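Number of protein chains: 2
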Amino acid sequence: MNKKEIFSSFLKLRGFRFTPQRERVLEEAFSIHKHFEAEDLLVRIRQNGHRVSKATIYRTLALLIQCGLLREVIFGERHSHYEHTLGPKHHHLICLRCGKIIEFTDETIERVQQRVCEKHRFEPSQRRFEIIGYCENCAKHL
Amino acid sequence: MNKKEIFSSFLKLRGFRFTPQRERVLEEAFSIHKHFEAEDLLVRIRQNGHRVSKATIYRTLALLIQCGLLREVIFGERHSHYEHTLGPKHHHLICLRCGKIIEFTDETIERVQQRVCEKHRFEPSQRRFEIIGYCENCAKHL
DNA sequence: TTTGCAATTGAGTCTAAGTTTCAACTACAA
DNA sequence: TTGTAGTTGAAACTTAGACTCAATTGCAAA
Chain A
230 MNKKEIFSSF LKLRGFRFTP QRERVLEEAF SIHKHFEAED LLVRIRQNGH
280 RVSKATIYRT LALLIQCGLL REVIFGERHS HYEHTLGPKH HHLICLRCGK
330 IIEFTDETIE RVQQRVCEKH RFEPSQRRFE IIGYCENCAK HL
Chain B
230 MNKKEIFSSF LKLRGFRFTP QRERVLEEAF SIHKHFEAED LLVRIRQNGH
280 RVSKATIYRT LALLIQCGLL REVIFGERHS HYEHTLGPKH HHLICLRCGK
330 IIEFTDETIE RVQQRVCEKH RFEPSQRRFE IIGYCENCAK HL
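Protein chains in written order, with my numbering: chain A, 230 to 371; chain B, 230 to 371.
Printed below as a string of structure tokens:
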């Protein structure tokens, strides 16, 4: 199943519709291969000669998160960022000075999560592991 | 050095002042022994018969974070929460349904952080490890 | 003690992300 | 064809937090 099928069957299942606007947002969200914000989608959709309202973009992003195709990631800023859930799970090093985001993977984390969730009988659906500080270059300028 | 001394010497060091308002915010922030938000401080300060403006509270919180006495934690909501940095480092299980926050500690995480930071020559100043999902009770109601 | 200056404060204004509202529109099933 | 429920966009709204600025205050040097 590709993204489109996943999303449309997710929608159908709960009596929602797979509309042209929702398809547009889906396509655009997956044409970006890094973290993005709602505003990015708005701009790119417009640049490609289409038009989807802000409200619909936010509504669709919420659906894409619900159906598990996207995940919300939180950097220092006051607005949300999104990323694809496909591909290996990764975490982030966030530079406070230049804003650079370095991704890393670590399989120990998965085991920690399992252990902790078992202990507290917690049902995980996603996680966030972010180390905040200064990248190699910026650390020199402190 | 207690909190007051840490804060006031942090301020003096950079030519800032340890004012009554800043002291008020410090005291109030440390009289709460769990996560809190800016609004909580505003209310509590007023309840104790004092008065510190919203602007000053936000400004002082930023200073307390800078000097390392407080840390910003991010739960699902659109506004910030804060916690004391003193005491053992811990992480959070966040329930999406009832909003409950369960704290846990895990020493493996510290080692993961060290390993990752060394590899990327990253200078860490804080971290976030949050597992988002459903607590034992809420998992039943899904 | 006085003086001058830079830091600080509070009230109010502003910003921007995201949400809500609602009337018009649309897909689909009966 | 019609009824119903989902969807859309425009605009208004919400809210945390940042900014502005005139008035105030703390402190260091005279």
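Where is the CB? At the ideal position from N, CA and C, for every residue including glycine. Keep in mind it's a predicted model, so treat the numbers as computed, not measured.
Rounded to whole angstroms, what is the Cα-Cα separation between residue i and residue j?
i: F358/A; j: Y287/A; result: 25 Å
i: R356/A; j: I360/B; result: 4 Å
i: P249/A; j: H310/A; result: 23 Å
i: N231/A; j: H320/B; result: 35 Å
i: R344/B; j: H349/A; result: 27 Å
i: I331/A; j: G316/B; result: 29 Å
i: R246/B; j: C367/A; result: 29 Å
i: I338/B; j: L293/B; result: 25 Å
i: T334/B; j: Q342/A; result: 11 Å
i: L242/B; j: A291/B; result: 16 Å
i: E266/B; j: R275/B; result: 15 Å
Once the 5 residues before and after residue i are set aside, which same chain residues still bring their CB inside 6 Å of it?
i: E234/A; result: none
i: E312/A; result: H264, R300, V302
i: L255/B; result: F236
i: K329/A; result: C364
i: T285/A; result: Q250
Which chain B residues sit within Cβ distance under 7 Å of residue i?
i: E352/A; result: G362, Y363, A368
i: I303/A; result: I303
Mapping DSSP to helix, strand and coil, what is residue i?
i: P353/A; result: strand
i: I323/B; result: strand
i: V345/A; result: helix
i: I190/B; result: Residue 190/B cannot be examined here, being either before or after the span of chain B that is shown, 230 to 371.
i: V281/A; result: coil
i: F333/B; result: strand
i: I286/B; result: helix
i: E266/A; result: coil
i: G360/B; result: Looking at the sequence itself, residue 360/B is Ile, so the reference to Gly does not match. In this structure, I360/B counts as strand in the three-state DSSP scheme.
i: E365/A; result: helix
i: L315/B; result: coil
i: R273/B; result: helix
i: E301/A; result: strand
Can you pull the chain B neighbours of residue i, defined as C-beta to C-beta under 8 Å?
i: Q375/A; result: Here chain A covers residues 230 to 371 and nothing more, so residue 375/A does not appear.
i: D269/A; result: Result: empty, since nearest Cβ-Cβ is about 19 Å, beyond 8 Å.
i: R356/A; result: F358, E359, I360, I361
Which bits of chain A does residue i rub up against, with CB to CB less than 9 Å?
i: I220/B; result: With chain B covering 230 to 371 only, the question about residue 220/B has no answer from this structure.
i: T337/B; result: T337, I338, R340, V341, R344
i: F333/B; result: V345, K348, H349
Against residue i, what residues of chain A qualify as contacts under a CB-to-CB distance less than 8 Å, listed in chain order?
i: C327/B; result: Chain A residues near C327/B: none, gap ~12 Å exceeds 8 Å.
Please compile the residues from chain B whose C-beta is within a distance smaller than 9 Å of the C-beta of residue i.
i: L322/A; result: V345, C346, H349, F351, P353
I'd like the list of long-range same chain contacts for residue i, defined as Cβ closer than 8 Å, with 5 residues on each side in sequence excluded.
i: Y363/A; result: C324, L325, R326, L371
i: S238/B; result: M230
For residue i, collect the residues of the same chain with a Cβ closer than 7 Å to its Cβ; drop the 5 residues on either side in sequence, then sort them by chain order.
i: T314/A; result: G297, L298, L299, R300
i: F259/A; result: K232, H313
Can you give the beta carbon distance from residue i to residue j, rounded, assuming they're within the 8 Å contact cut?
i: R251/A; j: T289/A; result: 5 Å
i: L322/A; j: F351/B; result: 5 Å
i: L270/A; j: E257/A; result: 5 Å
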